[in-house]
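For reference, the structure discussed in these notes is given below.
Residue numbers (our numbering): 4 to 265.
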């Protein structure tokens, strides 16, 4: 078995808001991979006294413990419990009803001798490779399918889309959003390896178009997760002068890649 985790902040002047962990073994069998992308709030009030890294560390820690110890729970149930546990840790000091309270995207993968279970919430990605070399991509595409006009301002997103029916969902303070995640399972025999990527790493495919998902997976497998992040950073630096990819909200974003080869 090979596991690899790489996480790099978008700027050395800001803390990394992502979280990643691998849990081995899960109740004596299999394991789990967890990748979170903390949502950077715009300037202004968020209702929360805590930083985004504080939130992702709490949520990620709870998810790590629950995925390896609670084989009887589904991943959606685990996410709901972890959100509730994290919310209870700051409910008395923070306004958790604020649309910009601390939140994160989520990728969970848990494997056993029989299957690989997965959960994706918001705009991170899970890539699963079969023994035949076929890459399956698991995405929650609700955010990307929204028209640009609906996402024109942060205020409009918060009022009409963020954690709302017809919009998109993140792991914040409401455990019920776990039921909105994209979930499923694959037979273990049909899984050779898999990788979880935050949107800071998926830019190689989604923003810069340097390859498709299968080519992205092959890059991580053959040259390592750090090489994918290095290439994204090189493209970002070049684009600050060319100004070709103007739809990026940040010049550099936190980039995290988790890889497991069974």
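A virtual CB, placed ideally from N, CA and C, is assigned to each residue, including glycine.
Euclidean distance between Cα positions of residue i and residue j
i, j, result
"residue 224", "residue 262", "8 angstroms"
"residue 50", "residue 181", "22 angstroms"
"residue 183", "residue 128", "16 angstroms"
"residue 175", "residue 197", "26 angstroms"
"residue 6", "residue 24", "10 angstroms"
"residue 226", "residue 220", "10 angstroms"
"residue 3", "residue 44", "Outside the modelled stretch of the chain, which goes from 4 to 265, sits residue 3, for which no answer is possible."
"residue 236", "residue 87", "35 angstroms"
"residue 92", "residue 141", "31 angstroms"
"residue 251", "residue 89", "In this prediction, residue 251 has a pLDDT of 46, which is less than 50 and means its spatial position is unreliable; what the coordinates show is noted afterwards. Taking the straight line joining both Cα atoms gives about 30 angstroms."
"residue 243", "residue 164", "30 angstroms"
"residue 113", "residue 202", "21 angstroms"
"residue 122", "residue 14", "28 angstroms"
"residue 79", "residue 240", "38 angstroms"
"residue 144", "residue 57", "27 angstroms"
Cβ-Cβ separation, residue j to residue i (assumed contact under 8 angstroms), whole Å
i, j, result
"residue 41", "residue 20", "3 angstroms"
"residue 217", "residue 9", "Actually they are not in contact, since the Cβ atoms of residue 217 and residue 9 sit about 20 angstroms apart, beyond 8 angstroms."
"residue 66", "residue 85", "5 angstroms"
"residue 36", "residue 63", "Contact doesn't hold; Cβ gap of about 11 angstroms is too wide."
"residue 131", "residue 194", "6 angstroms"
Where residue i falls, given that 16 or more other Cβ within 10 Å makes a residue buried
i, result
"residue 210", "buried"
"residue 11", "buried"
"residue 192", "exposed"
"residue 52", "exposed"
"residue 28", "exposed"
"residue 32", "exposed"
"residue 4", "exposed"
"residue 16", "exposed"
"residue 119", "buried"
Bridge partner(s) assigned by DSSP for residue i
i, result
"residue 27", "None; residue 27 has no bridge partner."
"residue 264", "5 and 196"
"residue 143", "For residue 143, which the question treats as bridged, DSSP gives no partner whatsoever."
Distance cut-off 7 angstroms: residue i Cβ against heavy atoms of the ligand MN
i, result
"residue 72", "Absence of the ligand MN is noted for the structure shown, with no ligands found whatsoever."
Margin query: Quick check on the DSSP output: what are the complete beta strand (DSSP E) runs of length 3 or more inside the stretch 190-218, in order along the chain?
Written below: 196-200
Note to self: Going residue by residue through the stretch 51-137, where are the continuous alpha helix (DSSP H) segments of at least 4 residues, counting only ones entirely within it?
What the structure shows: 55-72 and 78-93
Notebook entry, point to check: Which runs of the beta strand (DSSP E), 3 residues or longer, sit entirely within the stretch 166-193?
Noted result: 185-190
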